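Enquirer: Going by the working numbering, the residue at position 191 of the sequence shown is 385; the numbering climbs one at a time, nothing skipped.
Backbone N, C-alpha and C fix where the C-beta goes; we use that ideal spot for every residue, glycine too.
Please read these numbers as outputs of a predicted model, since none were measured by experiment.
Would you mind keeping the following structure in view while I ask a few things?
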Amino acid sequence: MDVNPVAMHMSDGIVNAPASLLFGVIAIGAVAVAAVRARSELDERTVPLAGLVAAFVFAAQMVNFPILPGVSGHLLGGALAAILVGPYTGVLCLTIVLVVQALLFADGGVTALGTNITNMAVLGVAAGYAVAVALRPMPAARRPAGLAVLAFLAGFAGTLAAATGFVIEYAMGGAGSGSLGAVAGYLYGTHALIGVGEGVITAATVAAVARARPDLVYLLRGARLREVAA
């Protein structure tokens with residue numbers, strides 16, 4: 195496996211052509227569903243926020259933070275996008291970021307675009323949002339500190355879910371020289387640490403937006419917003 199400092203981005207040749215094609219089809223299907231369902235999440239107030247979220251994730255992914263000697267990570271952004279603009283819109287935001295990075299900046303392989311979208315834009319968003327929704331009913335989640343903890347755990351879970359996608363894809367069609375056990379051990383070990391950074395960034399961003407404009411946070415729609423903003 196080619197280990198590089200860009201966290202989850204898979205390059206060309208990590209998995210074979212059949213696996214790349216399969217996850218390309220899965221990614222296309224997931225994005226198509228998200229494009230249809232995102233209409234229920236967006237309105238004239240939240241469309242600009244979705245654009246800002248995509249721009250923020252794009253910029254934040256360009257900044258690496260050190261994890262271990264020779265290894266660094268960056269924001270994946272799945273849980274952050276899902277909490278702020280909704281899971282389906284979050285999938286679209288992350289997909290746009292990944293496509294632009296692959297085509298214009300060679301960050302992640304073009305043939306690996308399907309696997310990267312599946313991992314970060316689908317699994318990362320889904321797992322992060324699932325954790326956020328599961329914790330949302332807790333009374334503490336209606337207050338700034340509790341919301342920050344919720345966002346931290348969602349970001350951490352989204353990172354591990356993305357790493358799990360990588361491991362599954364490598365198990366199905368890994369083209370590298372590393373054994374599955376070695377790849378899984380490395381991925382989970384480093385991404386547990388990357389998940390901490392992801393959680394911190396997610397928590398800080400969500401808490402800041404919730405304090406300023408809780409009405410724009412998708413996860414808080416219908417919640418007791420004044421408590422969150424207090």
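1) Quick one: what does DSSP say GLY368 is sitting in, helix, strand or coil?
2) Under 9 Å between the Cβ atoms of VAL247 and LEU274?
3) Can you tell me where the alpha helix (DSSP H) holding SER214 begins and where it ends?
4) Is ILE415 buried or exposed, if buried means 16 or more other CB atoms sit within 10 Å of its CB?
5) Give the DSSP-derived three-state secondary structure of ASP206 in the structure shown.
6) Please state whether the Cβ-Cβ distance between ALA321 and GLY352 is less than 9 Å.
7) Pop quiz: MET366 and ALA221 are said to be a contact at Cβ under 8 Å. What is the actual Cβ separation, rounded to whole angstroms?
8) Closer than 8 Å by C-beta to GLY340: which residues in its own chain qualify, once you throw out the five before and the five after it? Chain order, please.
9) Under three-state DSSP, which class holds ALA269?
10) In terms of alpha-carbon separation, which member of ALA226, ILE277, ASP206 lies closest to ALA397?
11) Pick from VAL257, GLY308, ASP409, LEU347: whose alpha carbon is nearest that of LEU329?
12) I need the DSSP call for ARG407, collapsed to helix, strand or coil.
13) What's the C-alpha gap between GLY375 and ALA296?
14) Could you tell me which of ASP301, GLY349, VAL343, ARG336 sits nearest to LEU317, measuring between CA atoms?
15) Since ILE311 is in the alpha helix (DSSP H), which residue starts that stretch and which ends it?
16) Please state the DSSP three-state secondary structure of PRO331.
17) Just verifying my parser: in three-state terms, what is the DSSP assignment at LEU414?
18) So is MET204 buried or exposed if we call it buried at 16+ other beta carbons inside 10 Å?
19) Alpha carbons only, please: which of ASP409, ALA306, LEU236, THR399 is nearest the one belonging to ASP206?
20) Expressed to the nearest angstrom, what Euclidean distance is found between the alpha-carbon atoms of ALA342 and LEU354?
21) Please indicate yes or no: does the CB of ARG231 lie closer than 8 Å to some heavy atom of the ligand COA?
22) Within the same chain, show all residues whose beta-carbon is closer than 7 Å to that of ALA369, passing over the 5 residues directly before and after it, in chain order.
Expert: Quick look at the numbers:
1) It is a strand residue.
2) Yes, the Cβ-Cβ distance between VAL247 and LEU274 is below 9 Å.
3) 211-231
4) The sequence shown places Arg at residue 415, not Ile. Under this definition ARG415 is an exposed residue.
5) coil
6) Contact check for ALA321 against GLY352 passes: the beta carbons are separated by less than 9 Å.
7) That belief does not hold up - the Cβ atoms of MET366 and ALA221 are roughly 15 Å apart, past 8 Å.
8) MET332, PRO333, ALA334
9) One point to set straight first is that residue 269 is Leu, not Ala, in the sequence displayed. Of the three classes helix, strand and coil, the one that applies to LEU269 here is coil, per DSSP.
10) ILE277
11) Nearest C-alpha to LEU329 among VAL257, GLY308, ASP409, LEU347: LEU347.
12) In the structure shown, ARG407 sits in coil (DSSP, three-state: anything other than H, G, I, E or B).
13) 28 Å
14) The candidate whose alpha carbon is nearest that of LEU317 is GLY349.
15) Segment: none, ILE311 is in no alpha helix (DSSP H) and carries neither H nor E.
16) coil
17) helix
18) Burial call: buried.
19) ALA306
20) 19 Å
21) With respect to small molecules bound, the structure shown includes none, and the ligand COA cannot be examined in it.
22) GLY207, ILE208, VAL209, ASN210
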